[in-house]
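Since the structure comes first, as structure tokens, the remarks are kept for the end.
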């Protein structure tokens, strides 16, 4: 499947690179439908490997790359359920999204996240599976999960530790504050800063450069430099599910859902 047009995302091949575009209103919240379409994408990937050398993930939404998990769906889906049943559903969802993230993390392609605006929570975690993050100057990065009594659940903590170390993880996680693009580049999270609205263009140029190199060598280099912390990822799911069973989380989600502000996910 070389092209796909779904309700939350689409993909096509452009100059030897797969371009995966997120386009769910208002800011690419990742819920059950997005997960299904991401799974469709990862299942299609093996047939695309022979004809592409890179993957670019980007957003067509003005607000940003992704605001993260669909918290309204999470809250409404667990209301009225027995706690054990709700936790079981969350565990299943996390297992599936980890499957998608791990597939993208290990893909024998150079993967590039071209981000702008809001890159929060699960959206930040999606960017972290990519080999390279290119951000326009308006991008902001944040893990706001502690406000809900949770930790990031899509693999963000182990991957950020792998790439940047514990100090950055503690700062982002424990303060809940956001980093602008200059700070993100300073700490080594972002490799290139683009002008506003230019992240995709810069990512395309980077993908073109990557296409000049021997494919087998590129794959070997990626595998050497980018081990996947599978055991820590499994532990993250366990901690998330333990926390999710607490009454404080239900209250945090309720406050989020009832917030009538235009962007309740903002710090």
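In the working numbering, the protein residues as written are 87 to 353.
Beta carbons: idealized from backbone N, C-alpha and C, even for Gly.
Just so it is clear, the structure is predicted and the values come from calculations on it, not from any experiment.
What residue range is occupied by the uninterrupted alpha helix (DSSP H) comprising residue 53?
Coverage of the chain is limited to positions 87 through 353, which leaves residue 53 absent and any answer about it impossible.
Suppose you measure from the CA of residue 96 to the CA of residue 245; what does that come to, to the nearest Å?
Against the chain shown, residue 96 aligns to sequence position 10. Against the chain shown, residue 245 aligns to sequence position 159. One C-alpha to the other measures close to 25 Å.
Between which two residues does the alpha helix (DSSP H) containing residue 295 stretch?
Here residue 295 is taken as the residue at index 209 of the chain shown, counted from 1. Taken as a continuous stretch (DSSP letters only), the alpha helix (DSSP H) holding residue 295 covers 285-296.
Are the stretch 144-151 and the stretch 101-121 touching by the rule of at least three beta carbon pairs closer than 8 Å?
Contact between the stretch 144-151 and the stretch 101-121 is present, because at least three Cβ pairs lie under 8 Å.
Quick check on residue 344: buried or exposed, where buried means 16 or more other Cβ atoms within 10 Å of its Cβ?
Here residue 344 is taken as the residue at index 258 of the chain shown, counted from 1. Exposed, by the Cβ-count rule.
Are there 16 or more other CB atoms within 10 angstroms of the CB of residue 353, so buried, or fewer, so exposed?
Here the question's residue 353 lines up with position 267 in the chain shown. Confidence in residue 353 is poor, its pLDDT being 47 and thus under 50, which makes the residue's placement too unreliable to answer from.
For residue 226, count the other beta carbons within 10 Å of its own beta carbon; 16 or more makes it buried, fewer makes it exposed. Which is it?
The count along the chain shown starts at 1 and reaches residue 226 at position 140. Per the 10 Å Cβ criterion, buried.
Residue 170 versus residue 185: straight-line alpha-carbon distance, rounded:
Counted from its first residue, the chain shown places residue 170 at position 84. Counted from its first residue, the chain shown places residue 185 at position 99. Straight-line Cα distance between these residues: approximately 23 Å.
Using beta-carbon positions only, say whether residue 200 and residue 218 come within less than 7 Å of one another.
Along the chain shown, read from residue 1 onward, the residue named residue 200 stands at position 114. Along the chain shown, read from residue 1 onward, the residue named residue 218 stands at position 132. With contacts defined as CB atoms closer than 7 Å, residue 200 and residue 218 fail to qualify as a contacting pair.
Where residue 93 sits in the DSSP three-state scheme:
Here residue 93 refers to the residue found at position 7 of the chain shown. Coil, per DSSP.
Report the rounded CA-to-CA distance for residue 162 versus residue 301, giving the unit in angstroms.
Walking along the chain shown from the start, residue 162 turns up at place 76. Walking along the chain shown from the start, residue 301 turns up at place 215. Approximately 46 Å between the Cα atoms of the pair.
Out of 132, 119, 102, 100, point me to the one whose CA is closest to residue 109's CA.
The sequence position of residue 109 within the chain shown is 23, counting from 1. Relative to the Cα of residue 109, the nearest Cα in the group 132, 119, 102, 100 belongs to 119.
Given that a residue counts as buried once 16 or more other Cβ atoms are within 10 Å of its Cβ, and exposed if not, what is residue 325?
Against the chain shown, residue 325 aligns to sequence position 239. Its Cβ having fewer than 16 others within 10 Å, residue 325 is exposed.
Write down every uninterrupted run of the alpha helix (DSSP H) in the stretch 185-273 whose length is 4 residues or greater and which is fully enclosed by it, in chain order.
If only complete runs of 4 or more residues are kept, the stretch 185-273 shows the alpha helix (DSSP H) at 207-214, 242-250, 252-261, 267-272, in order along the chain.
Quick check on DSSP: helix, strand or coil for residue 142?
Position 56 of the chain shown, counted from the start, is the residue given in the question as residue 142. Judged by DSSP in its simplified three-state form, residue 142 adopts strand.
Could you tell me which of 237, 193, 180 sits nearest to residue 206, measuring between CA atoms?
Walking along the chain shown from the start, residue 206 turns up at place 120. Ranking 237, 193, 180 by Cα distance to residue 206 puts 237 first.
Assuming contact is defined by CB atoms lying nearer than 7 Å, are residue 285 and residue 208 in contact in what I supplied?
For the purposes of this step, residue 285 is taken as the residue at position 199 of the chain shown. For the purposes of this step, residue 208 is taken as the residue at position 122 of the chain shown. The answer is no: Cβ separation not under 7 Å.
Beta carbon of residue 282 nearer than 7 Å to that of residue 223
Within the chain shown, the letter at position 196 stands for residue 282. Within the chain shown, the letter at position 137 stands for residue 223. Cβ distance < 7 Å, so residue 282 and residue 223 count as in contact.
Could you tell me if residue 260 is buried or exposed, where buried requires 16 or more neighbouring beta carbons within 10 angstroms of its beta carbon?
In the chain shown, counting from the first residue as 1, residue 260 sits at position 174. With fewer than 16 neighbouring CB atoms inside 10 Å of its own CB, residue 260 falls in the exposed class.
Does DSSP put residue 100 in a helix, a strand or coil?
Within the chain shown, the letter at position 14 stands for residue 100. Residue 100 falls in the strand class under three-state DSSP.
Nearest neighbour of residue 142, chosen from 315, 319, 214 [CA to CA]
The residue given as residue 142 occupies position 56 in the chain shown. It is 214.
If you run the structure through DSSP and keep just helix, strand and coil, what is residue 152?
Locating residue 152 in the chain shown gives position 66, counting from the first residue. Residue 152 falls in the strand class under three-state DSSP.
Residue 353 in three-state terms, based on DSSP:
Within the chain shown, numbered from 1, the residue matching residue 353 stands at position 267. For residue 353, the pLDDT reaches just 47, beneath the cut-off of 50, and the residue's location in the model is therefore unreliable, although a value from the coordinates is still provided. Assignment of residue 353 by DSSP, reduced to helix, strand and coil, places it in the coil class.
Distance, Cα to Cα, residue 279 vs residue 144?
Walking along the chain shown from the start, residue 279 turns up at place 193. Walking along the chain shown from the start, residue 144 turns up at place 58. Answer to the nearest angstrom: the Cα atoms are 15 Å apart.
Same chain, Cβ closer than 6 Å to residue 334, five either side skipped, listed in chain order
Here the question's residue 334 lines up with position 248 in the chain shown. In the same chain as residue 334, and ignoring 5 residues on each side of it, the C-beta atoms closer than 6 Å to its own belong to 235, in chain order.
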